[in-house]
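Written below as structure tokens is the structure these notes are about.
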Amino acid sequence: MTERWALTATGAGGAHLAPLTPIGTPTAPALTEPDLVEAVRSRPHVTRWVWRSTAEIYPRLLAAGVRVSRCYDIEAAESLLLAHEGRLGEPRSAAAAYARLHNAPVPPDPPSRAAEPGSQSSLFEPPSGTDIPFEALLQVYAEQLRRHDATAHPGRMRLLTAAESAGMLIAAEMNRSGMPWRADVHRDVLHELLGERYAGGGEPRRLAELADEVSAAFGRRVRPDLPADVVKAFAQAGIKVKSTRRWELEELDHPAVQPLIQYKKLYRIWTAHGWSWLQDWVRDGRFRPEYQPGGTVSGRWTTNGGGALQIPKVIRQAVVADDGWRLVVADADQMEPRVLAAISRDAGLMEVAGHDGDLYTALSDRAFQGDRDHAKVALLGAIYGQTSGDGLKNLAALRRRFPLAVAYVDDAAKAGEEGRLVRTWLGRTSPPAAGSGDDDEAGIPQESDEQPSGDGDFTPGYASSNARARGRFTRNFVVQGSAADWALLFLAALRQSLTAAGLRAELVFFQHDEVMVHCPQEEAEAVVEAIRAAGERAGRTAFGETPVRFPFTTAIVERYSDAK
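With our numbering applied, the sequence shown covers 2 to 565.
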């Protein structure tokens, strides 16, 4: 039986708390205790803590060795509910929710805070202006429960809020555990790639050599780290380029291209994961990024500093398990197509996705005369809206064989083009067509050196620029967002099973469809099985009983770089 308690921190390190009914009303007068940690530690029978913000409370508990099984994060819930009501971008703090409840002036959310490398101190202090009295918090919670009941699918929306809250716990725990990181290996890799460091923080030797090669190819001094300078140099050479992205440069016939591409690759490593990064972010053999669950509008995670979600493969050599331990790295196989099968209820596609083997091969055998490449292009084109050229012909074949699946994303695209909201299977909601906030609020990276592949988050600003672009956004949103919801449930199930089994294994990394567990060598096979079972359990929890399988490719390795 679920036992809920509400909890707030006091300025003196204590806590206000009270037991709650399922509808959010207290069953006894509120208590005040002098020590927040002991208030939680002494109540192991509590199965769900209701608090304003996990980031405020949970790191303090973890530092004292106290873990909780479940929580309800009021500010995470407020974000989901505001989006569901078409009000994404309005202030999400508990103080703002309380003000709206009483028709009072709504305070803005505090500005985003930069993560502090190598320190968790910032996580222990609530942002100024966000705290509210205990009685006010109870009112906000009760009203949120009522708002959940008012949604089209209350059970799904409650599940989404529970999953998002679980994600907040997991993010804090991964920050506490940290990813095992060998600074000596990292330094060796940097020296091999970049050469010697020069005094004064200038470019290392290899970058300086490549810059000289680029300049020699153009016949004048060119700064390869300045895109405008490179574009100008190409123009003077009679070549018009719009940007210095790698995929565009590779199409050019000029002797500066190869050293320029190599320079850009190494420059990114130097600036994003070089010696300064190592000094700032790695402490005591651990890299501890600050994860932001739901950092993008689709529900995918981001990080607040540290670049944890963009670790180059060559730098992954430094992610090394402790002595006697292993890294279990698992990738969900063709996650988004399998999610489309589950949410569309297309019988044919569910049957294709009902096996652990390669989904695109099975799809090609059904509808594309064994041509896996065409099958993959067709299915991803349906999800991402990339249907030019042969894509139209492939999509037509897909529509004939799997009409419900294609209709599902087509309907989402039409809704977006018409300015309507679309939702994931559990109820995560797309931004409105206008006034959806800027890209920075969505937490979506603004710069990429890779050719657009169609499988990234779309920015609300871009999606709002015209109807067709918004349709492409909502077409992808219903699949990518539902996949992100499934991933949260998978993480929660895996966390629960590892704890229930009494394993020492720790979740240390998560990115979209990949998870990493650090565990003693003798636990590795048990972790692999736990991952498999958690994937299947998440599928049933999210989508009900369907034939769709959610398999993983797993690797037990000593170094992260050996996993792929």
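Glycine included, C-beta positions come from ideal geometry on N, C-alpha and C.
- Within the DSSP bridge table, the entry for L32 names L18 as partners.
- Residue nearest to A564 within the set L341, A105, A322 and D412 is A322 (criterion: CA-CA distance).
- K394 and A368 have their C-alpha atoms spaced approximately 12 Å apart.
- In the displayed model, Y385 falls within a helix according to three-state DSSP.
- Shortest Cα-Cα distance from V41 to any of I24, A10, E251 and P27 involves A10.
- The beta-carbon separation of P92 and V107, rounded to 6 Å, stays under the 8 Å limit for a contact.
- Relative to the Cα of W487, the nearest Cα in the group G545, P313 and W6 belongs to G545.
- In the three-state DSSP reduction, P111 falls in the coil class, being neither helix nor strand.
- The Cβ atoms of W182 and R287 lie closer than 8 Å to each other.
- Around the beta-carbon of K265, 16 or more other beta-carbon atoms lie within 10 Å, marking it buried.
- Of all alpha-carbon atoms in R188, T542, A525 and F219, the one lying nearest the alpha-carbon of V329 is that of A525.
- The region 265 to 278 makes contact with the region 184 to 194, as at least three CB pairs between them are under 8 Å.
- Under the Cβ criterion (8 Å, minimum of three pairs), the region 327 to 345 counts as touching the region 554 to 561.
- When only Cα atoms are considered, N467 and L396 end up about 24 Å apart.
- Scanning R476, G296 and T554 for the CA closest to the CA of L380 turns up R476.
- Shown here, L508 sits in a strand according to DSSP, grouped into three states.
- Bridge partners of A10 according to DSSP: A16.
- Cβ-Cβ separation between L250 and I262: approximately 6 Å, consistent with a contact (criterion under 8 Å).
- A distance of 8 Å or more separates the beta carbons of Y59 and L211.
- In the structure shown, I557 adopts extended strand secondary structure according to DSSP, grouped into three states.
- Short of 6 Å from the beta carbon of R177, and not among the five residues preceding or following it, lie these beta carbons of its own chain, in chain order: L63.
- When the beta-carbon positions are compared, W302 and F491 stay at least 8 Å from each other.
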